[in-house]
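Encoded as structure tokens, the structure appears first; notes follow it.
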Amino acid sequence: VGIKNSDGEFQMDDLRIVASELRAYRGSTEIQLSPRDLKVLRLLHERRGKVVDRNTLADEVWGVDYFPESRALDQHISQLRKRIEADPASPRIIRTVHGAGYRYE
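Numbering follows our numbering, in which position 73 of the sequence shown is assigned residue number 76; successive positions increment by one, without gaps.
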């Protein structure tokens, strides 16, 4: 369920994200988020069900600091999954669409 309220709080699967605190919560477990983490999650949440391609993610999240030949995006997504997914090996929040980008359903 993708619920959003005026405080910048939104839900992705069983993860409650509180943008103003740069934190996410799964039950009583608190997960610290970086501003970049929040941008990734917010973009995927706003485009729920649609593939967000790597170029769009790079432009929206990294801006001019991103170099396409670097693995920074993949590494960041991998690290973020390890922190926010209940099972990073079978992600439910940040799903890879091979050859296209990422999606949140």
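Built from N, CA and C at the ideal position, the CB exists for glycine as well.
*Could you check what DSSP says for Asp56 in three-state terms: helix, strand or coil?*
strand
*Inter-residue Cα distance where the pair is Leu41 and Leu25*: 7 Å
*Which residue from Leu18, Asp77, Lys53 puts its Cα closest to that of Val64?*
If we check each option's Cα against that of Val64, Asp77 comes out closest.
_If the criterion is Cβ atoms closer than 9 Å, does the pair Arg98 and Tyr105 meet it?_
yes
_Exposure label - Ala103; buried when at least 16 CB within 10 Å_ = Under a 10 Å Cβ-count criterion, Ala103 is classified as exposed, with fewer than 16 other Cβ atoms of the shown protein chains found around its own Cβ.
*How far does the beta strand (DSSP E) with Leu47 in it reach, from first residue to last?*
Segment 38-49 is the alpha helix (DSSP H) holding Leu47; no beta strand (DSSP E) there.
*asked:* Whole angstroms are fine: how far does the CA of Arg86 sit from the CA of Arg29?
replied: 11 Å
*asked:* Please report the distance separating the alpha-carbon of Ser23 from that of Leu36.
replied: If you take the alpha carbons of Ser23 and Leu36, they lie about 11 Å apart.
*What residue from Glu12, Gly11, Leu18 has the CA that sits closest to Ala89's CA?*
Leu18
*When you compare only the Cα positions, how much space is there between Phe70 and Leu44?*
Put simply, the backbone Cα of Phe70 is about 21 Å away from that of Leu44.
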